[in-house]
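Order-wise, the sequence lines are chains V and P.
Each number in our numbering comes from the position in the first sequence (counting from 1) with 1189 added on.
Each number in our numbering comes from the position in the second sequence (counting from 1) with 223 added on.
Every residue, glycine too, gets a C-beta built ideally from N, C-alpha and C.
Because the structure is a prediction, the values reported are computed rather than measured.
Everything on this sheet refers to the single structure shown next.
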Amino acid sequence: MAALWQRLQKQGGIELLIRVVLLLYPFFPVLDWAVQSLTGQGIRLDRQLVNIFIFGLLALALNLQVGYAGLLQLGIAAFFAIGAMTTGVLTVEKYPFQLGFWGAILVAPVMAGAAGLLLGAPTLRLRGDYLAIVTLGFGEVMRIVLLNLENITDGPRGLNPIAEPWLPVFVKDTIGAEKAIYAFALFALVAAVVLLRLLERSRLGRAFVALREDELAAACMGLDPARIKLLAFAGGAALAGLAGALYATNLTTTAEPNTYDFNYSVMVLCCLIIGGLGSLRGALMGALLLMGFDNVVSPLLTRVLQKAIGGDSNFVMASFSNWRWIIFGAALVLMMRLRPEGLWPSRRIAKELHEPPAEVA
Amino acid sequence: MLNVANMSASYGAIDVLKGISLRVEEGEIVTLIGANGAGKTTTLMCISGLHKPRSGQLTFLGQDIVPMAPHHIVRLGLVQSPEGRKVFPRMTVAENLEMGAYTRRDPDGVKTDYERVYSLFPVLQERKTQPAGTLSGGEQQMLAVGRAMMAKPRLLLLDEPSLGLAPLIVARIFEVIQTLNQQGTTVLLVEQNARMALRIAHRGYVLETGTVTMEGTGVELLADSRVQAAYLGE
Ligand SMILES: Nc1ncnc2c1ncn2[C@@H]1O[C@H](COP(=O)(O)OP(=O)(O)O)[C@@H](O)[C@H]1O
Ligand SMILES: [Mg+2]
């Protein structure tokens, strides 16, 4: 097992992960069929995978802010919500300016990125814990604004129905409209991974590392810490906006604003901590584990549990999703104790945590 | 080249610099000596724009640099190597040098400067792929100086490069500072090790609790009885 683990780590991790998912995809109907015959109900794994991809994008977005730039951000859900809401406003029939999926997918990241700039410009100078408080507040304010601006957002009902993505007929005929969002989400995720990989290796990527290592020395070398942090913050916000656009399109609604609450932001942060802060593959793996647990494992276990206790479905503990915070909490505590760098860290970050720089007198 | 006129600086309510004036001419090594806490580091921080002076003028190559941001000042060729060998400990030696060249857009020039740094400090070439945090104190200081050189400074500000190093290594570093100067880099050297600094400096200033109390050529200051009593232990 350990040897297999090491081999997994040696090979390009993300590429492998994606390859495995892609290879498995044709077999999902079989898996679904198996689950259905065992528990009497399918779980539609392809749909769950869309959620995992979208959540993976969101984790990558937060990773850009928290992992690369070291900005403790507790309100990522707000930018996700802005992306979803922009998509709603630009695509539902209620509004005269319908741009459709393609327009929305372009405008949503711009809006979220702009919000990131506006929030970041005055606040990124704040020390870590203050920034955390400001972003937490921003997240909650955004949620409440969305709830109360009923004229624009339709409040708790959310904007709907969001039309499905427009596709050329021949594409629609070959992959089917329902699979389109799966393809988009996967494509967006792969594109984001490739771009972030390039970013890591770029001049700006180096600058992120230098800033985390020693901000004063970095400033002495002519880096502009304020600008670099703002870039990371706005970039992460934009990526979260893209994830939000896909999320709304997938759901066909902008959803109840309470979806985008503090818990949601914390969930994304959990992904990073479990997978490995600052590591692309770690973020994806965290998203896979958490979302996989929420969408696949937990419903399955719930069914098993309810069968076992004989159908009293009102019993709180009989629904496995009510166990999630206990399980996530325990997982986080264990991670912090045993493997603070995450399950699948980037080599550099693992070093930062395990080898305190030798201070030579 | 650099002109500091009547500059004051404070941290909150504490006045640290009380109107100091000094200048550095092109081609010189100028040293600023003084005891711990005199305000030497603060002076350099103000010059590089990392701490804003409360009052006074700062001009570099005829430009007023007081309102400029630090990253802008670096681009003018005014580069500081900060106190305490602040290398990036988990980046490799080569990556540290690469960060030094962050502002530069001339790949060919950067390449020749790598060669230059490696020829001045051969040990850095040997340790190229090693994380900077695993180097010895002397090697880290060499890396810090080398990294600042990569930024192509016209005026190099060095904050206590001898701090905590063995005499032999200090001698080696001061030798390199002199070489750099002969190759055309102007140097403002902040030191507590007054003897070594005054030996290689063309001119020097003595800073005492935020005030410049003496100035002169290196030779003059070395011969001055007050300097000898206070800083040379004679
Ligand atoms: N960030 C700071 N905040 C408050 N006081 C400071 C700070 N940095 C330095 N000082 C104080 O300013 C004075 C001068 O410090 P410094 O410029 O570092 O002197 P030197 O480099 O000559 O040892 C000292 O009394 C020091 O305690
Ligand atoms: Mg000092």
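Asked	Found
Contacting residues, own chain, Cβ-Cβ under 6 Å from E249(P) (five flanking each side not counted)	M224 and T409
Cβ-Cβ distance between Y1257(V) and A1421(V) below 8 Å	yes
DSSP-derived helix/strand/coil call for Y1284(V)	coil
C-alpha gap between E1402(V) and L1523(V), whole angstroms	26 Å
M1480(V) (DSSP reduced to helix, strand or coil)	helix
Inter-residue Cα distance where the pair is V435(P) and F1268(V)	54 Å
Buried or exposed (CB count within 10 angstroms, at least 16 for buried), Q1225(V)	exposed
Residues, ordered as in the chain, of the region 323-339 of chain P that lie near chain V by beta-carbon distance below 7 Å	G323, Y325 and T326
Backbone CA spacing between A420(P) and G1317(V) [nearest angstrom]	40 Å
Reduced DSSP secondary structure (H/G/I, E/B, other) of A1321(V)	helix
Bridge-paired residues (DSSP) for S278(P)	S231(P)
Bounding residues of the beta strand (DSSP E) (the contiguous stretch that carries D1403(V))	Per DSSP, D1403(V) belongs to no beta strand (DSSP E) and is neither H nor E.
Under the three-state DSSP convention, the category L273(P) falls into	coil
CB-CB length for N1484(V) against N1240(V), believed under 8 Å	6 Å
Residues that K241(P) bridges to, as DSSP identifies them	S231(P)
Closer than 7 Å: Y234(P) CB and nearest ligand 1 heavy atom	yes
Chain-ordered neighbours of L1412(V) on chain P, where CB pairs are closer than 7 Å	H294 and Y325
Cutoff 8 Å; reference Q280(P); Cβ partners in own chain excluding five residues on either side	N226, V227, A228, N229, M230, D287 and V289
C-beta atoms of L1313(V) and G1425(V) nearer than 8 Å	no
Contacting residues, own chain, Cβ-Cβ under 8 Å from Y325(P) (five flanking each side not counted)	A374
Buried versus exposed, by CB contacts within 10 Å (16 or more), D329(P)	exposed
Residue-chain proximity (L273(P), chain V), Cβ-Cβ < 8 Å	yes
Q353(P) (DSSP reduced to helix, strand or coil)	coil
Beta-carbon spacing of I1463(V), G1518(V) below 8 Å	no
Closer than 7 Å: T434(P) CB and nearest ligand 3 heavy atom	Among the ligands modelled here, namely ligand 1 and ligand 2, ligand 3 does not occur.
Whole-angstrom distance between H295(P) and D1413(V), CA atom to CA atom	9 Å
Distance cut-off 7 Å: T264(P) Cβ against heavy atoms of ligand 2	yes
Separation of A1427(V) from G1475(V), as counted between CA atoms	21 Å
Interface flag, A1396(V) vs chain P, CB-CB below 8 Å	yes
Closest Cα partner of L378(P) within the set G441(P), N404(P) and V429(P)	N404(P)
Contact with chain V by L225(P), beta-carbon distance below 8 Å	no
Distance cut-off 7 Å: D331(P) Cβ against heavy atoms of ligand 2	no
Chain-ordered chain V contacts of A232(P) [CB-CB under 8 Å]	By Cβ distance, chain V contributes nothing, its closest Cβ being about 17 Å from A232(P), past 8 Å.
Buried/exposed call for E1548(V), threshold 16 Cβ in 10 Å	At E1548(V) the pLDDT is 45, less than 50, meaning the model places this residue with poor confidence; the figure from the coordinates comes in the next sentence. Counting Cβ neighbours within 10 Å, E1548(V) comes out exposed, since fewer than 16 surround it.
Rounded separation between L455(P) and R418(P) - CA only	6 Å
Whole-Å CB distance - A317(P) paired with R277(P), under 8 Å assumed	Not really, about 40 Å apart at Cβ, beyond 8 Å.
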